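Written below as structure tokens is the structure these notes are about.
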Amino acid sequence: MMWWTNEENDFKNVPKSIYYAAGFGGNYIVIDEEHDLVIVVRWLDSSKLGELVKRVISAVQKD
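Right, dumping it as structure tokens:
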């Protein structure tokens, strides 16, 4: 796995501060320190990762 950042805004509507590991076959580990989250997902199409992260953040955000 290699680690990447979202500084180039690869994933829209997701904090630029996240970083993630991307492995073979759509395996990802996403770290979002701002929301105290670690998201692990397997066999996900890379075009869907941003939407998944956005939905998880929305689900756990405090009002």
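For the sequence shown, the numbering used here begins at 284 and goes up steadily by one. Built from N, CA and C at the ideal position, the CB exists for glycine as well. Note that the structure is a prediction, hence the values are computed from the model and not measured.
- Around the beta carbon of F294, 16 or more other beta carbons lie within 10 angstroms, which makes this residue buried.
- N289 counts as buried, since no fewer than 16 other beta carbons sit within 10 angstroms of its beta carbon.
- Closest option to D328, judged by alpha-carbon separation, among Q344, D319 and A305: A305.
- L327 sits in coil when the DSSP states are folded into three classes, being neither helix nor strand.
- V336 counts as buried, since at least 16 other C-beta atoms from the protein chains shown sit within 10 angstroms of its C-beta.
- Excluding its 5 nearest sequence neighbours in each direction, N292 has C-beta neighbours in its own chain below 7 Å: K299, listed in chain order.
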